[in-house]
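Numbering (this note's numbering), first residue to last: 63 to 401.
All C-beta atoms, glycine included, are put in the ideal place defined by N, C-alpha and C.
Single-structure report; data block below.
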Amino acid sequence: MHNPEHHSRHAPPRAVLDAEAAEWVARLACGPLSAAGHKALEDWQNRSPRHRQALEEARRTWDHLGTLPLTADDLGIDLASMPPARHWNLRRRPLVHLLAGAIAASLLALVWGGSAVYYGIDQPWQVLTADHYTGPGEDRTLVLEDGSTVFMGPATALNIEYSGDQRRVRLVSGQALFTAAPMGPDEPRPFVVAAEHGTARALGTRFMVEHHDDTVEVTVIEHSVQVSSQNPAQAVVVSPEQAVSYTDHAIGTVRPVNLANATAWQQGTLVFDRIPLDHVIAELNRYRRGKIILANDELAHHRVSGAFPANRPEDALDMISRAMNARTTRLTSLVTVMY
């Protein structure tokens with residue numbers, strides 16, 4: 063976290079000033095300041111009238127956000143994956159107390175080997191123990207033992223589970239493009255991608271699988287893919303330029319897709335065509351450290367259209383916020399709230 067006690071004598075740019083003010087408010091919410099802390103805060107406020115104004119605005123924002131029903135799940139913290147902690151309870155608390163606990167929990171997770179908030183992952187220990195994973199904004203190409211290739215998107219994790227009768231890859235999180243080596247006399251095993259409660263079996267070569275919070279989406283680029291769910295047992299065949307999503311209880315309707323838009327992320331562009339804002343935020347979180355929290359339920363289903371550089375998620379967030387007349391507040395270096 064940036065230390066607000068270190069800065070120039072001149073008022074910094076507004077974005078920096080707001081971030082420093084938010085961090086002071088977060089520190090105040092975490093507990094009483096020491097005498098040195100109080101002196102540092104007083105010195106910081108006295109640097110310019112803009113500093114005092116920024117602190118008051120941050121206090122008002124903090125008070126407002128403290129009434130929002132955010133939980134540990136909103137911050138991407140898996141309580142079950144963390145060791146016992148006696149000094150905070152993240153399950154149901156106002157944001158003022160929740161954030162203090164989240165900061166502590168994030169630091170604890172970083173010491174442990176990785177933070178769900180920092181790395182933008184929802185299942186930290188499954189991800190960090192996966193055979194292969196990428197961080198936010200990172201991609202990677204894998205060549206598997208049979209010649210199949212996997213192009214992994216950001217914040218993606220997978221396990222290779224090849225056996226004598228099946229070439230199986232398990233997608234733990236994120237998204238990946240699979241190019242399956244075809245079956246033949248020298249390779250009789252089917253190529254299958256498992257994710258959550260279903261599978262995608264290649265009947266050809268190229269397809270994508272994307273792991274959302276509660277759904278898995280399969281998009282076919284070449285040939286076809288058989289998508290199956292486990293409970294209840296269902297199966298559909300998806301053709302090129304089509305996609306289908308499934309949950310833990312059903313397979314959706316096969317629908318046409320624009321492959322240029324669907325695969326643009328591989329060339330570093332995020333294309334959204336009337337996509338709900340909560341899905342857009344989830345996508346942006348894959349490309350940045352920390353987490354964006356959407357704290358306005360009314361905004362969640364607003365549709366977003368546009369193309370944005372994948373390496374500039376903050377710019378995309380700013381543009382979307384302005385278009386929707388929403389506000390964003392960076393509470394710490396790890397947490398940004400949109401409301």
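Check: Cβ-Cβ distance between Val333 and Ala344 below 7 Å; Outcome: no
Check: Cβ contact check for the segment 284-301 and the segment 246-264: 3 or more pairs under 8 Å; Outcome: yes
Check: Beta-carbon spacing of Ala372, Tyr349 below 7 Å; Outcome: yes
Check: Euclidean distance between Cα positions of Glu284 and Phe269; Outcome: 7 Å
Check: Contacting residues, own chain, Cβ-Cβ under 8 Å from Gln107 (five flanking each side not counted); Outcome: His113, Arg114 and Leu117
Check: Which of helix, strand or coil DSSP assigns to Asp380; Outcome: helix
Check: Helix, strand or coil at Gln304 according to DSSP, with G and I counted as helix; Outcome: strand
Check: Anticipated Cβ contact below 8 Å, Val366 with Val342, distance rounded; Outcome: 5 Å
Check: DSSP beta-bridge partners of Ser235; Outcome: Ala219
Check: From Gly199, Thr191 and Arg121, residue whose alpha carbon lies closest to that of Arg374; Outcome: Gly199
Check: For Gln107, three-class secondary structure by DSSP; Outcome: helix
Check: At least three beta-carbon pairs within less than 8 Å, the segment 313-325 to the segment 347-362; Outcome: no
Check: Simplified DSSP assignment, three categories, for Leu117; Outcome: helix
Check: Alpha helix (DSSP H) segment containing Leu339, residue limits; Outcome: Leu339 to Asn347
Check: C-alpha gap between Ala324 and Arg336, whole angstroms; Outcome: 13 Å
Check: Straight-line gap, Ala97 to Arg122 (C-alpha atoms, nearest Å); Outcome: 24 Å
Check: Three-state secondary structure (DSSP) of Glu360; Outcome: helix
Check: CB of His273 within 7 Å of CB of Gly215, strictly; Outcome: no
Check: Cβ pair Gly192, Ala219 closer than 7 Å; Outcome: Per the sequence presented here, residue 192 reads as Ala, with Gly not at that position. Going by C-beta atoms, Ala192 is nearer than 7 Å to Ala219.
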